[in-house]
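Sequences listed follow chains L and U, in order. Heads up, the first sequence is in my numbering, so the first residue is 236 and it goes up one at a time. Heads up, the second sequence is in my numbering, so the first residue is 1303 and it goes up one at a time. Glycine included, each C-beta is placed from N, C-alpha and C at the ideal position. Worksheet for the structure shown next.
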Amino acid sequence: EDQVTQSPEALRLQEGESSSLNCSYTVSGLRGLFWYRQDPGKGPEFLFTLYSAGEEKEKERLKATLTKKESFLHITAPKPEDSATYLCARRGFGNEKLTFGTGTRLTIIP
Amino acid sequence: GAGVSQSPSNKVTEKGKDVELRCDPISGHTALYWYRQSLGQGLEFLIYFQGNSAPDKSGLPSDRFSAERTGGSVSTLTIQRTQQEDSAVYLCASSPGTGLKAFFGQGTRLTVV
């Protein structure tokens, strides 16, 4: 069964304090690992797709990495506007659905 | 519009009534998903449409839930005889094709009273 586990559930950082969010996933048959950002009252906004171990993608203060069993979302020198819930999802072979984790609620304190 | 559009944005209904939620995907996107997000829960897959293929209905929680996609574009999610546990945000997403990233709408917040 596809499973995605995110940690921590919530994270409070001071502005400028770098950290990482973790996403562990069912390894077998991975066809894509996705990161989304969700603001309150809005739908998830696509950030990154990763397909193979060792792959990295960056966008502004965010960098997503993928190993054989987990993915990390690194946030460097965050700003208050980076506060949101960050969702990780996997897609496996045999179907098109995305299986989501429950997210990490990130708060950046000015 | 440029994005996925969902209507209504909010819906309050009485227990036992039927509701219809609408999704207009991004033009040209062949794949369409419905998800449900309950308070404090992750996104729960409901159904997936791809072109003219038979939909993947494996996530529908009961036979009170159904969805259709007409002409490969607009989709409607119908919940019959609504229950309080159906209260959630229903999210629609579309994708240019199989295996590609999905773009989400703003969701419909359904409250069953």
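Query, Result
"Counted within 10 angstroms of its Cβ, other Cβ atoms place residue 1405 (chain U) as buried (16 or more) or exposed", "buried"
"Where the beta strand (DSSP E) containing residue 246 (chain L) begins and where it ends", "245–249"
"Cβ distance (whole Å) where residue 1424 (chain U) is taken to contact residue 328 (chain L) below 8 Å", "Since the first residue of chain U shown is 1303 and the last is 1415, residue 1424 (chain U) is not available in this structure."
"For residue 1360 (chain U), the first and last residue of its enclosing beta strand (DSSP E)", "Careful: residue 1360 (chain U) lies outside any beta strand (DSSP E) and carries neither H nor E."
"Residue 238 (chain L) versus residue 341 (chain L): straight-line alpha-carbon distance, rounded", "22 Å"
"Minimum Cβ-Cβ distance from residue 278 (chain L) to chain U less than 8 Å", "yes"
"Minimum length 4: unbroken alpha helix (DSSP H) runs contained in the segment 257–344 of chain L", "none"
"Top-ranked residue by Cα proximity to residue 1369 (chain U), from U:1345, U:1393 and U:1378", "U:1378"
"Listed by chain order, chain U residues near residue 268 (chain L) by CB distance under 7 Å", "Near residue 268 (chain L) there are no residues of chain U at all, since even the closest Cβ is about 11 Å away, more than 7 Å."
"For residue 1408 (chain U) and residue 1339 (chain U), the rounded distance between their alpha carbons", "12 Å"
"The segment 312–340 of chain L: positions lying closer than 8 Å to chain U by Cβ", "322, 324, 326, 330, 331, 332, 333, 334, 335, 336, 337 and 338"
"Touching by the beta-carbon criterion (3+ pairs, under 8 Å), the segment 255–266 of chain L and the segment 298–309 of chain L", "yes"
"Helix, strand or coil at residue 1386 (chain U) [DSSP, three-state]", "helix"
"Same chain, Cβ closer than 6 Å to residue 311 (chain L), five either side skipped, listed in chain order", "253 and 296"
"Nearest-angstrom Cβ-Cβ length linking residue 1391 (chain U) and residue 1410 (chain U), presumed shorter than 8 Å", "7 Å"
"Cβ of residue 1400 (chain U) within 8 Å of any chain L Cβ", "yes"
"7 Å Cβ shell around residue 1399 (chain U) - same chain, five flanking residues per side excluded", "1332 and 1333"
"The segment 1314–1336 of chain U: positions lying closer than 9 Å to chain L by Cβ", "1333 and 1335"
"Residue-level contact to chain L via CB, residue 1353 (chain U), 8 Å cutoff", "no"
"CB contact check: residue 300 (chain L) to chain U, cutoff 8 Å", "no"
"Residue 1397 (chain U) to residue 1328 (chain U) span [Cα, whole Å]", "8 Å"
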